[in-house]
Amino acid sequence: MRADGTGSGRDRPAVPGQVDLVRCHQREIVRSARVLCIGLTALYLFYLGGGVVGAWRTGAPLLTVVNCWLAGTAAVMAASGWIVTRFGARMGRWVHAATTAVGLVPIYNSAALLEMTQDPVQSVNLLLCITAMGLFVLSVPWYAALVAAAWAGWLRVALFAPADAAWEVFAYAMVAATVLSAVSLAVRRRMIRGMEEMRAQHEGAALVDALTGVCNRRGLVALLPRFLRRVGVGTVTVVAVDIDDMKGVNDTHGHAAGDAAVVGAADVLRRSLRPTDLIARTGGDEFVALVEAPDGGPVAERIRAELAAHADTASHPFRLRMSVGIATLPATAGLEEMLAAADAALYEVKATRRGVPGAA
């Protein structure tokens, strides 16, 4: 605990959720790039195997330009997959550029084969490669535009290819489109699910005090409506707690002892109250608890007993003392009214005595 009451380094707010969402997105892109490299390596090895088998059957030389090209491409894809696996976590903002570089290889190969062979199937390969890149590096509108362009290209190939090959090419395109759509849906759903999980984790962390594990003031405001719905038309006992001589603990025993005092006060309240009650740290050494109880007397007795038990079992070199103010109000009262009543009771207790719960 620092002297200004803001807490130690462990008590600092969590990193904003947006930063971690970006990192989550980058991790998903790296995973997708790894799958892309593995798939392309297997694909070009399959092509290479077909070329070698064909050359062996016809007696042609095995080391043809095409076979060497396919072997080199497979090696590049395998090396890229290893690099992505080994260094993907460090790529950071370069992850999209790296994925684009990997995807340019099949695009270049398909374009070159289309130019050399004039085979309509290669135009389908080219469109498929371009469309697949939208899965990794483009936004959703551009991805949709590329899919539409690919379908237009497939239809053109089917309509203008030789009659005996037209529907074969179109069938190939249909299968390719189905596979591409399935992969796209799976990867994007996984990416979105990961981002939503990260967002939920950070939203939850934003409501919790990092040092004590109880709610912070923002969490108190966020969870209050649910608590009041459970109470209904009953009454609420509001507990305001202040650690006595916090500056003296810090000055005498150090900031680590101050942190221990804050954690100890939170533990006392946690053991004194039910899990359904609402506990929040509202300041450096200040806490508020909302308890579903018609009378604050039993609540004060439980806090007194737990505070005494803590003093008997604690290993730190100081005795934890707390001033506690308690007020009972109808559940229809607003949060500010509840806090004001509890603070008034706390000030009255602090003005008269220390370490003894008082009721207003």
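For the sequence shown, full-length UniProt numbering assigns the number 1 to the initial residue and increments by one for each residue that follows.
Each residue gets a CB set at the ideal place from its N, CA and C atoms; glycine is no exception.
Predicted model only: the values in this text are computed from it and were never measured.
If you ignore the 5 residues before and after R218, its C-beta comes within less than 7 angstroms of the C-beta of A206, L207, all in its own chain and listed in chain order. In the three-state reduction of the DSSP assignment, R281 falls in the strand class, which pools E and B. When rounded, the separation of the alpha-carbon atoms in H316 and R34 is 51 angstroms. According to DSSP, T237 shares a beta bridge with V291, T328. Non-local C-beta neighbours of G264 in its own chain, meaning closer than 8 angstroms and more than five positions away in sequence, comprise H310, A314, H316, L320, ordered along the chain.
Around the beta-carbon of D251, fewer than 16 other beta-carbon atoms lie within 10 Å, marking it exposed. Residue nearest to A327 within the set V76, A351, M338 is M338 (criterion: CA-CA distance). Beta-bridge annotation (DSSP): M322 is paired with I243. The three-state reading of DSSP puts V208 in strand, counting E and B together.
Bounds of the alpha helix (DSSP H) holding T73 are 65-87. In this structure, the alpha-carbon of M246 lies about 35 angstroms from that of R230.
Closest in alpha carbon position to A345, among A112, A240, V30, is A240. For R218, the uninterrupted alpha helix (DSSP H) run begins and ends at 217-231, by DSSP. Per DSSP, the unbroken alpha helix (DSSP H) holding T313 starts and ends at 297-313.
In this structure, A71 places its C-beta atom within 7 angstroms of the C-beta atom of L48.
Residues T237, V299 of the same chain have their beta carbon placed closer than 7 angstroms to that of A293, with the five preceding and five following residues left out of the count. Going by DSSP, G254 is part of no alpha helix (DSSP H) at all; its letter is neither H nor E. For E286, DSSP records a beta bridge to D242. In the DSSP annotation of this structure, the continuous segment of the alpha helix (DSSP H) that includes V349 starts and ends at 335-352.
Its Cα nearest to that of G283, the residue D209 stands out among D209, G297, G234. Counting the other Cβ atoms within 10 Å of the Cβ of P106 gives 16 or more, which makes it buried.
Across the structure, T41 and L223 are spaced so that their CA atoms are roughly 52 angstroms apart.
For the pair V291 and L273, the CB atoms are nearer than the 7 angstroms cut-off. In terms of Cβ geometry, H253 and F318 form a close pair [threshold 7 angstroms].
Counting C-beta atoms within 10 angstroms of its own C-beta, T73 has 16 or more neighbours from the protein chains shown and is therefore classed as buried. Sixteen is the threshold: when 16 or more other Cβ atoms of the shown chains lie within 10 Å of the Cβ of D343, as they do, the residue is buried.
Between G232 and T85, the alpha-carbon positions lie close to 55 angstroms from each other.
A distance of 7 angstroms or more separates the beta carbons of F227 and L307.
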